[in-house]
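Okay, so here's the structure we're looking at.
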Amino acid sequence: MFVPVPSPEEMSRWDAEAIRLGMAEEVLMESAARCAMDSLRQHWAAKGRTLAEASVLLLAGSGNNGGDAFCMARHLLDAGARPVLVCTRSPEEYRGAASHWLKVAISLGVPTFSAEAWEQGDDTIPARPDIAVDGLLGTGFRGALREREARLVEKFNGLGAALVLAVDIPSGLDSRTGRPCPDAVRAHVTVSFQAAKPGLLVPEARPFTGRVDVRPIGMPRRVQEEQRPSFRTWLLPAQMPGDRASSAFPCEVPAASAPSAARWTSPAHKGEAGRVLVLGGCSDYVGAPCLAGLAALRTGAGLVTVAGPEAVLNAVRFSMPALTTQSLSRPAGPDAPEWGADALPPLAPAIASSKALVFGPGLGRTEGAADFAEALLALPQRPPMVLDADALFALARRPHLLKLLRPCDVLTPHPGEAALLLGITAAEVQADRFFALEKLAGLAPAVWVLKGAGTLIAVPHEPSVISPWDVPQLAVAGSGDVLAGAIGAFLARGHASDLAAALGVWLHVLAGRRLSQTFPMRGNGPHDIADALPSVLAELGEPCKGDICLSF
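Numbering follows the working numbering, in which position 315 of the sequence shown is assigned residue number 757; successive positions increment by one, without gaps.
Okay, here's the thing in C-alpha cells:
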C-alpha cells in the first residue's frame, strides 16, 4: 500500500488549500497538537510513566511548529503535567494561529519564558525536564542554522530528557534531504503530521528523528488527490492500516501480511508464471547471472534461462540445474571476445519467447559487451528489461543508447553506477540522492532504481517511491543481482514496470529483514537473500494490478 510523501512546499499547499476550503488554521493546528499529544502519551506510557506531575519543557519557534507547542502546553496542563514554554519571540510578535494558541496557554497559566532567559540559566526553568518538546523550526527550514538557532539546538540536546519529541521534524534537519545543517535536535520520536516528509525517511536522518510517527490531522482527501505529491512510500506489512491511528518508521521486523485481500495465484503451467531470460556473465564473473536467475526463480518465475559465455553456462549447469541455459553460439578462444553484436541473432528466439529480460549482471566492461547492448536495445518489440551492473556501464560509455529506453524498462544503478551515468562522483550522488534521482530520471523515460540505504525509485509521470529502510544484511556483493532477478520475475508476471520495481525492492527489504533474525551481525551471502524470498512471498498477498493505489 502506497502512501503520499509531500515535499515541504507541497505540504504548505495542502494546508493553504484546506484553509481555502473552509478549515480554520486554528483547527488544523489544534488537530496537529492533539496528534502530537497522543504520540507523546503512547511513548511516555511505554516507559511506564504517566504525564501527571511530569516536567515538560517546550521550545517554541516563530512558526507553526511553535503554535503546535503552544497547543500541546495546554493539553499537558490539563493532563496534570508541569509544562513550561520557552519562546524565541515575545508574545506580541507571534501572528495568526500561533498567536491565538499562545494567548490561550498564557491565560490558562502556562509558565512562559524567553529563549534568552533560558540561555542565561533562569533557575525557574527546569534544567533537566522529564520530557522535552522541540517546536523550534519546521519543515520549511533550509540552509544552515543561524548562530542563535545553533545555540538553542545545542542547549536543547544537552537537556538529557527521558523523552525528546520533535514536532513535525527535528529542528536543524533539512526535510528535503534528511541531513543536519550542520547539527539538529536528536529526538527519540518525531511526529509528522498527515504525511512523512522526504527527509524523514532517509536512513541518514534516523539518529536525529528516532522513531517517525505519522499521524493524520484531517487533511481532506480531495486536497491530496488534486495536489499530488512528488514522492510516495509504502507501508511494510506490520504498518498496514488497522485499529492504530498512526504509521511508524522504522517498525519492528514484521510478520508479513497481505497488503490486499488477493493471494498469490497458483499457475497450472510454468509458462503462465512468467519466463525470464538473464543475459550476462563473463569468464571473470560467472556468479552474477546465476544469482539473478536464482532470484527470479525464487520470486516465482516459471521458467528462467541464463544466456552467456560457456564458462557462465557451465557454472549454471553445475550449481543450478533448475535454470536452463542458452549458448551465445560464438567462437571461443583466448582472443575471441565473449560478447558482441553478432551474439544477438542466435538469441532472438529465446528473447521473443521471454516475458522479461535481465541484462547486465557480470557482463563485463568490454567493447564487445557495449556492442551487444547497442544491438539488444535497438531490437524492435523486445520484452521489458531490467538493466543492471555492466549494462549501465555500457550506457554510460555510449549515452546515445539512452534514447532507446522505454517506460517499461527498469534500471538499477548503485551510487557508483549512477555517478558514471551522470558524470559526477559517487560522493556527490550520496550527498543529495533526491537530486541524483531527478537527474537520472531526466536521462531517459524509464523506471530508475537508485540503490543503497534508502533506495529511491523514479517513475515516469508518477510520484517517486522512497524505501526508508537500511538493512545491513543486504549490503553484500551479489545483493544487487538478486534484486534485478526479483524485479525481472515481477515483470514476467505481467506487472507494470513501476510496480515491478517497487515490489522487487519491497520484497528484497523484507528478505533482508528476515535474515536479520538469523544473521543479526551480518555474515549472510546473496544466496541467503534469494533463498529467503519464497518464505516472505508465502505470507504475502500478491498486489494485483488494481489492488495497490499508485495514484492517491
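No residue lacks a Cβ here, since even glycine has one placed at the ideal position from N, Cα and C.
Straight across, the Cα-Cα distance linking V656 with V631 is about 10 Å. Under the 10 Å beta carbon count, A734 is surrounded by 16 or more other beta carbons and is classified as buried. If only uninterrupted beta strand (DSSP E) runs of at least 3 residues are considered, those enclosed by the stretch 539-576 are 554-556.
CA-CA distance, A861 to A792, rounds to 33 Å.
Rounded to the nearest angstrom, the gap between the Cα atoms of L643 and Q915 is 19 Å.
Restricting attention to alpha helix (DSSP H) runs no shorter than 4 residues, the stretch 588-661 encloses them at 589-599 and 648-651, ordered along the chain.
When the Cα atoms are used, A502 and E459 turn out to be separated by approximately 25 Å. Pairing P887 with P902 gives a Cβ-Cβ distance under 8 Å.
Rounded to the nearest whole angstrom, the CA to CA distance from P571 to A604 is 8 Å. By the C-beta density criterion, E809 is exposed, having fewer than 16 other C-beta atoms within 10 angstroms. Distances from the CA of A931 to each of P976, V498, D784 and G580 were compared; the closest alpha carbon is that of P976. Between the C-alpha atoms of S634 and L736 there is a straight-line separation of about 40 Å. Inclusion of V720 and A743 in the CB contact set at 8 Å is not warranted, their separation being larger than that value. When only Cα atoms are considered, P671 and M762 end up about 44 Å apart. With the rule of 3 Cβ pairs closer than 8 Å, the stretch 779-799 counts as touching the stretch 820-835. Between the stretch 546-558 and the stretch 513-527, the count of C-beta pairs closer than 8 Å reaches three or more; the two stretches touch. Partner residues in the beta bridge of R717, as assigned by DSSP, are L745. Within its own chain, the residues whose Cβ lies closer than 7 Å to the Cβ of L846, once the five positions on either side in sequence are excluded, are L819 and A820, listed in chain order. Closest in alpha carbon position to G806, among P751, N506 and P658, is P751.
The Cβ atoms of L879 and L853 do not sit closer than 8 Å to each other. For M479, the enclosing alpha helix (DSSP H) covers residues E467 to A487. Remark: fewer than three beta-carbon pairs, one from each stretch, lie closer than 8 Å, so the stretch 476-489 and the stretch 583-594 are not flagged as touching.
Contact between the stretch 961-970 and the stretch 918-936 is present: three or more C-beta pairs spanning the two stretches fall below 8 Å.
For L499, the beta-bridge partners assigned by DSSP are V526 and A574.
Around the beta carbon of D726, a 10 Å sphere encloses fewer than 16 other beta carbons of the protein chains shown; the residue is thus reported as exposed. DSSP, reduced to helix, strand and coil, places A919 outside both helices and strands of the structure shown, so it counts as coil. A900 sits in a strand when the DSSP states are folded into three classes.
A distance of 8 Å or more separates the beta carbons of L864 and L844. Here the stretch 475-483 makes contact with the stretch 508-520; the two share three or more CB pairs at distances below 8 Å. Under the three-state reduction of DSSP output, W948 falls in the helix class. The straight-line gap separating the alpha-carbon atoms of F877 and V871 is approximately 8 Å. Measuring C-alpha to C-alpha distances from P787 to each of V754, P822 and L607 identifies P822 as the nearest.
For the 8 Å CB-CB criterion, L898 and L892 form a contact.
Under the three-state reduction of DSSP output, S761 falls in the helix class. In this structure, W948 and W676 form a Cβ contact; the two beta carbons are roughly 6 Å apart against a cut-off of 8 Å.
In terms of CA proximity to A557, L499 leads the group L499, R621, A783 and E667.
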